[in-house]
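FYI, in the working numbering the residues of the sequence shown are 142 to 353.
Below is one structure, written out as structure tokens; the observations come after it.
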Amino acid sequence: MAIETRIENVPDVAGGWYRAIVEWAATTPEFVQGFMAHFTELGVVLLAGMWALTLWRARRSPALTRVLAGGVGVVLAYGLSEWSKTYLDAERPCRTFPDLPIVASECPPTGDWSFPSNHSTIAAALVVAILLVSWRTGLLALPVGLLAGFSRVFVGVHYPHDVVAGFLIGAVATAIVVFLLPRLPLIREFQPGTRGARPAPGSAVRGGPGSR
142 MAIETRIENV PDVAGGWYRA IVEWAATTPE FVQGFMAHFT ELGVVLLAGM
192 WALTLWRARR SPALTRVLAG GVGVVLAYGL SEWSKTYLDA ERPCRTFPDL
242 PIVASECPPT GDWSFPSNHS TIAAALVVAI LLVSWRTGLL ALPVGLLAGF
292 SRVFVGVHYP HDVVAGFLIG AVATAIVVFL LPRLPLIREF QPGTRGARPA
342 PGSAVRGGPG SR
């Protein structure tokens with residue numbers, strides 16, 4: 142028997158923050174609204190591209206396993222986020238507060254639930270997947286991920302706590318996968334640069350410039 146939990150009431154503080162941000166968004170210049178409306182989708186695409194670049198750079202190094210594990214973490218995080226949505230059935234704020242104008246072209250229909258934010262989950266998962274392999278690229282990805290999450294509130298389709306929850310799910314799930322998956326014996330066997338890397342018993346490891 143399926144168990145469902147529907148969130149009917151949202152804490153006043155969440156509704157207050159949402160109202161403040163959406164009302165402020167409505168006063169921003171049109172080009173800012175247009176940018177944020179597009180960036181809410183484009184941000185995730187940019188992060189996916191940065192992850193793909195990280196994958197390409199690591200294609201012949203032992204770090205490849207961690208990059209791929211990060212990809213698995215992203216998929217797992219998205220699955221957890223989507224399951225949470227269907228379990229909790231939290232209505233979108235733009236339907237709870239229909240009197241507020243929103244930047245988004247339309248409010249998602251009932252059934253496309255609010256909590257947590259899938260976009261924020263994926264954004265945080267990609268940032269962590271990159272950061273745990275390349276901190277330089279990860280630091281570039283971090284503001285992109287944060288802005289992508291904030292844009293979901295700015296355009297009016299998510300509460301702030303939807304975004305925070307998405308960030309937590311994405312970051313934690315991906316970090317766990319990246320730390321654990323490469324340590325599995327079967328995975329370690331196929332890591333680039335590790336197969337056949339152990340010297341034979343009794344063999345010496347030579348040093349110096351001519352040893353390469």
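Quick reminder that beta carbons are idealized off the backbone N, C-alpha and C, glycines included.
Checklist entry - Are the CB atoms of L267 and A189 nearer to each other than 8 Å? => result yes
Checklist entry - Buried or exposed: D240, going by 16 or more other Cβ atoms within 10 Å of its Cβ? => result Under this definition D240 is an exposed residue.
Checklist entry - How many whole angstroms separate the CB atoms of V296 and A245, which I take to be in contact at a CB cut-off of 8 Å? => result 4 Å
Checklist entry - Candidates R236, V313, T195: which alpha carbon is nearest L221's? => result V313
Item to check | Backbone CA spacing between L209 and T168 [nearest angstrom] | outcome: Taking the Cα positions, L209 is about 43 Å away from T168.
Checklist entry - What's the call for R201, buried or exposed, on a 16-neighbour Cβ count within 10 Å? => result exposed
Item to check | Opening and closing residue of the alpha helix (DSSP H) in which V186 lies | outcome: Run containing V186: 171-198, per the alpha helix (DSSP H) assignment.
Checklist entry - So which of D153, F172, G214, A155 has the shortest CA-CA distance to I271? => result Checking every option, the nearest Cα to that of I271 belongs to G214.
Item to check | Where L273 falls, given that 16 or more other Cβ within 10 Å makes a residue buried | outcome: buried
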